[in-house]
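Asks: This is the structure, below, for whatever I ask next.
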Amino acid sequence: MKLTITISQFLLFLLCAELYAQNDSVLQQPVQFTPERIIWKEGPANLPKGVEMCLLYSNPKATGPFAARFKFPANYKLYAHYHENDEVVTVLEGSVFVGFGDKTDMSVAKEFKAGSFYVNPARSHHFVVIGKKGAVVQINSVGPWTLEFIEKPRS
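In our numbering, each residue carries its 1-based index in the sequence shown increased by 297.
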């Protein structure tokens, strides 16, 4: 029996092999957290004071997937900004308001309460305003994670 492979089939095979190699996990052990093991630290320098962060998986500054939780104080505002990669967000506690555009405009914001999930596409200009009781959100994305402000924070 003779096997004939076209150039297209061979190239597809190479592409699949490369994608598999890139997605192969380098973890040696599982990553597991229970609530009592979560340690909150001061948030990144590019966020205003008052934000706390817990890094769950990997490093947002490195290339590859990561998971982090952020604890925001009540009424906190992340003025219009964007990220280079998709931002996958789960609201764990409290509520957040998210809107799209180059300016923070609450008339176009949608509220996401605890248990909500949303994705901000890469480079989409958006803003986030935290609800009256604060919020805890989990962000999953691919690093290196960036946060580029479009609108300057107001005092």
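We treat Cβ as the ideally placed atom computed from N, Cα and C, and that holds for glycine.
The structure presented is a predicted model; accordingly, all values stated were derived computationally and were not measured.
(1) Going by C-alpha to C-alpha distance, which of HIS378, SER438, PRO441 and ARG366 sits closest to PRO332?
(2) Name the DSSP beta bridge partners of MET403, please?
(3) What residue ranges within the stretch 344-428 form continuous beta strand (DSSP E) runs of no fewer than 3 residues, ordered along the chain?
(4) Excluding five sequence neighbours on each side, which residues of the same chain lie with their C-beta closer than 8 Å to the C-beta of HIS378?
(5) Leaving out five residues on either side along the sequence, give the residues of the same chain with a beta carbon under 8 Å from the beta carbon of GLY398.
(6) Run through DSSP, which three-state label would GLU448 get?
(7) Would you tell me roughly how many angstroms separate the C-alpha atoms of GLY396 and MET403, rounded to the nearest one?
(8) Going straight from the alpha carbon of GLY428 to that of SER392, what length do you get?
(9) Roughly how many angstroms separate the alpha carbons of TYR415 and GLN325, rounded to a whole number?
Replies: Result, derived from the coordinates:
(1) ARG366
(2) DSSP output for MET403 lists no bridge partner at all.
(3) 349-354, 361-369, 374-379, 384-397, 407-410 and 414-417
(4) HIS422, HIS423, PHE424, LEU444, GLU445, PHE446, ILE447 and GLU448
(5) ALA377, VAL405, HIS422, HIS423 and PHE424
(6) coil
(7) 7 Å
(8) 5 Å
(9) 30 Å
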